Amino acid sequence: MGVSIEDYRAAIGLFHCTCSKRKSSTYINYNYYTYLEILKINLHCSFYVFSLACLQSINPKIDIIFLLFVLHFILIVGNIEPNPGPDENNISSTPSSVRFSEIDKSISICNLNIRSIRNKLEFLNNFTDEFDVLAVTETHLDPSVSEDQLKLDSFNNIIRKDRNNFGGGLMIYVKDDIGISSEKAN
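Quick note on my numbering: the sequence shown kicks off at 1 and runs consecutively.
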């Protein structure tokens with residue numbers, strides 16, 4: 001299970017400029033389109049300031065400081081650009097399932113911060129078939145919940161450490177065909 005292009009774009013962001021070092025000073029190289037974007041933002045800023053001045057001349061009760069704060073916030077947020085995603089030249093055309101099909105001893109592991117597992121068992125049953133080991137944190141369980149209530153369709157081996165206070169808790173589901181052993185730590 002990989003990361004979708006939308007998740008990648010949201011996590012990485014877009015950087016329009018490249019930084020280089022020259023004689024212990026950093027300079028930034030912008031491309032032509034970046035200059036156009038900066039010009040566009042400056043024109044928008046000028047228009048907004050002019051509009052604010054017109055509004056205050058019409059109605060002096062308008063709070064110009066608040067409107068300038070909103071303008072400043074819009075300008076800060078305006079620097080977010082759509083992310084182009086990963087370089088298509090570096091992406092393999094071979095699906096990962098084909099590339100890893102030759103590896104017999106591979107194991108797939110998923111780690112989820114579930115924040116209370118009790119009402120999410122159906123969700124886990126629907127998407128965990130492709131994993132061999134499923135580690136779940138923040139289970140919010142106590143010893144009153146039996147393991148029979150927590151079984152998933154494709155996992156019968158369960159290792160759990162319940163919370164002793166608010167929050168917390170850890171549970172590890174392991175498929176039957178994987179040998180496991182559990183030891184208590186001192």
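Using N, Cα and C, we set each Cβ at its ideal position, and we do this for glycine too. As the structure is a prediction and not an experimental result, all values here were calculated from the model.
> Which residue comes first and which comes last in the alpha helix (DSSP H) that contains Val-187?
Replying inline: No answer is possible for residue 187: the residues shown for the chain start at 1 and end at 186.
> Are the CB atoms of Val-174 and Asn-157 nearer to each other than 8 angstroms?
Replying inline: On the sequence shown, position 174 is the one that residue 174 refers to. On the sequence shown, position 157 is the one that residue 157 refers to. Result yes, Cβ atoms of Val-174 and Asn-157 sit closer than 8 angstroms.
> Would you call Gly-169 buried or exposed, if buried means 16 or more other Cβ atoms sit within 10 Å of its Cβ?
Replying inline: On the sequence shown, position 169 is the one that residue 169 refers to. Label assigned to Gly-169: buried.
> Helix or strand or just coil, what does DSSP make of Thr-139?
Replying inline: Taking the sequence shown and counting its residues from 1, one reaches residue 139 at position 139. Correct three-state label for Thr-139: coil.
> For Asn-165, which three-state DSSP category applies?
Replying inline: Within the sequence shown, the letter at position 165 stands for residue 165. Coil.
>> If contacts are defined as beta-carbon pairs under 8 angstroms, then Val-133 and Ile-107 qualify, I think. What distance do you get, rounded to the angstrom?
In response: As a working note, residue 133 is residue 133 in the sequence shown. As a working note, residue 107 is residue 107 in the sequence shown. At roughly 7 angstroms, the Cβ-Cβ gap stays under 8 angstroms, so Val-133 and Ile-107 are in contact.
> Which value, in whole angstroms, describes the spacing of the CA atoms of Lys-61 and Asn-119?
Replying inline: Numbered from 1 along the sequence shown, position 61 holds the residue referred to as residue 61. Numbered from 1 along the sequence shown, position 119 holds the residue referred to as residue 119. Rounded to whole angstroms, Lys-61 to Asn-119 spans 52 angstroms at the Cα level.
> With 16 as the cutoff for other CB atoms within 10 Å, does Val-136 come out buried or exposed?
Replying inline: Residue numbering aside, residue 136 sits at position 136 when the sequence shown is read from its first letter. Residue burial is scored here from C-beta neighbours: Val-136 has at least 16 other C-beta atoms within 10 angstroms and is therefore classed as buried.
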